[in-house]
Amino acid sequence: MLAGGGEVTNAEGAQRWIKLSEQYGPVFTVYFGSRPNVVLVGYDAVKEILVDHGDSILGRGEVPIFFDLYNRRGMSVISGDSWKQLRQFSLMTLRDFGMGKKTLEEPIQTEAQHLTTYFRNLNQKPIDPTNVLVCASSNLLAALLMGTRYNYDDKKWMKSLDDMRKAFSLASSPCGQLYDMFPSLMRILPGNHQNIFKLFQDLKDTINEQVRNHIETLDPANPRDYIDCYLIRMKQENEKNPDTPFDTVNLVETVFDMFLGGAETTALSLNFGFLILIKFPEIQACLNEEIDQVIGRARDPVVEDKNNTPYLNAFLHKVLRFSDVLPMGAARRATKDVNFRGFLIPKGMDILPMLTTVLHDPSHFETPSVFNVKHFLDENGTFKKNNAFLAFSAGL
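Take any residue in the sequence shown, note its place counting from 1, add 1, and you have its number in my numbering.
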């Protein structure tokens, strides 16, 4: 099958991929330009390849526009053992600084207070909240990665984030998808696609400046954030391993990658959540009632409240499922031959797990096209996990 890129990253394409799977099965090959790719559709196939065969698909699938953007460096692009080292280090370091833990409560609460103050000061003036939501989301990343925070009126930082959004839009446009299909030609042709790299430059410049400042002020006995921890590890690795992936280029590209992967997706999910609350006031009323009963108005929410707010937990899961902000998981590449469901996926073949088809899989979600909070609640109103909730991929 020959295909353009438009349906790959468009959430509305879920039904198209599901229909193709009804004709060809959940595993089939499509060509993007001249490149063959194995496409996986539905929860069972995606989970099986990512989890059960994760060790065999450690390579990074070729996405030329992003490979060029990252200069073929950083955690999203490098493959094999180097990728595993960077990934394991990053996960451990971010957890140590509070990712997913109670210690992240305070910066989240602080940012939430800044955000609500900003909204109150608008005096009910209608706005598009996307930019300020991107800034709020990026501030949590900035705190973990760089130990800093940016005000919503910081023109330089807001311009960097706005340019990032414009670049994402261009990358998913026809010119960006032509770049992915015919990279050798598009690299030398003038056109709007060349602006993608220019629009990201301010953000990269800011990260480079932060790295230089961290090098000058580093205290190995008191690491302040991810960059400090990386620099300490880099020094240790360089003393014993000249081929280590821990260098400043990978540091800049990895921090850049985390901003690209975290700020926009979080902001889009929040934006979508606001739209749902406007469209379904009855859901908003149920949330208000539960929050007032469990948390009240006298204190901020804390992590422990999650276990006592099943409706809120279900609503947030439903927003992430329904907003579908990451329709396609990271492209993988087989690092060895893989026997998968009677097919041979040869070494070097790119694999595209279509997460959008997992989140819209009718065999795991009743009425997948309907915003139904009860997908994540049992008959007693208790929060119910769903294994097919793979909003941000799975496995290695």
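No residue lacks a Cβ here, since even glycine has one placed at the ideal position from N, Cα and C.
Pairing S57 with F67 gives a Cβ-Cβ distance that is not under 9 angstroms. Boundaries of the alpha helix (DSSP H) harbouring D293: P282 to V295, taken from the DSSP string. DSSP places Y32 inside the beta strand (DSSP E), whose first and last residues are V28 to F33. L327 is positioned such that its CB atom lies closer than 9 angstroms to that of T266. For V371, the three-state secondary structure derived from DSSP is coil. It is roughly 46 angstroms from the alpha-carbon of V303 to the alpha-carbon of N340. With a 10 Å radius around the Cβ and a threshold of 16 neighbouring Cβ atoms, R74 comes out buried. Here R225 carries a coil assignment [DSSP, helix/strand/coil]. Every unbroken stretch of the alpha helix (DSSP H) spanning 4 or more residues and falling wholly within the segment 182 to 223 is given here in chain order: 184 to 187, 196 to 200 and 202 to 218.
DSSP, read as helix, strand or coil, puts G349 in coil. Where N340 is concerned, the enclosing beta strand (DSSP E) starts and stops at V339 to F341.
Here DSSP, grouped into helix, strand and coil, assigns L391 to coil. Closest option to C230, judged by alpha-carbon separation, among D248, D293 and N242: D248.
Separation of R17 and G330 (C-alpha to C-alpha, rounded to the nearest whole angstrom) is 17 angstroms. DSSP places N381 outside both helix and strand once states are collapsed to three, so it counts as coil.
Under the three-state reduction of DSSP, P246 is assigned to coil, being neither helix nor strand.
When Cβ pairs closer than 8 angstroms are counted between the two stretches, the segment 302 to 321 is seen to touch the segment 283 to 292, the count reaching three or more.
With a beta-carbon spacing of about 5 angstroms, N140 and E112 fall inside the 8 angstroms limit used to define contacts.
In the DSSP assignment, R88 falls within the alpha helix (DSSP H) that extends over G81 to D97. Cβ atoms of S80 and L59 come within 8 angstroms of each other, at about 6 angstroms. In the three-state DSSP reduction, N72 falls in the coil class, being neither helix nor strand. From the listed residues Q195, K167 and V52, the smallest Cα separation to L179 is found for Q195. Around the beta carbon of R322, 16 or more other beta carbons lie within 10 angstroms, which makes this residue buried. Assigned with DSSP and collapsed to three states, F344 falls in strand. The three-state reading of DSSP puts P130 in coil, since its state is none of H, G, I, E or B.
Counting along the chain, the unbroken beta strand (DSSP E) around P37 starts and ends at R36 to V42. CA-to-CA, the gap between F33 and G26 works out to about 19 angstroms. G43 counts as buried, since at least 16 other C-beta atoms from the protein chains shown sit within 10 angstroms of its C-beta. Separation of N124 and E367 (C-alpha to C-alpha, rounded to the nearest whole angstrom) is 41 angstroms.
In this structure, DSSP gives R150 a state outside helix and strand, which the three-state scheme calls coil.
Annotated three-state conformation of P354 is strand, per DSSP. Per the Cβ contact rule, the segment 217 to 233 is in contact with the segment 82 to 97 (3 or more Cβ pairs under 8 angstroms). As the crow flies, the alpha-carbon of C136 is around 33 angstroms from that of V47.
Taking D301 as the centre and dropping the five residues before and after it, the same chain places the C-beta of Q110 closer than 6 angstroms to its C-beta, in chain order.
Under DSSP, the beta-bridge partners assigned to G60 are R334.
Cβ neighbours of M187 within its own chain (closer than 7 angstroms, five residues either side excluded): L179, Y180 and H194.
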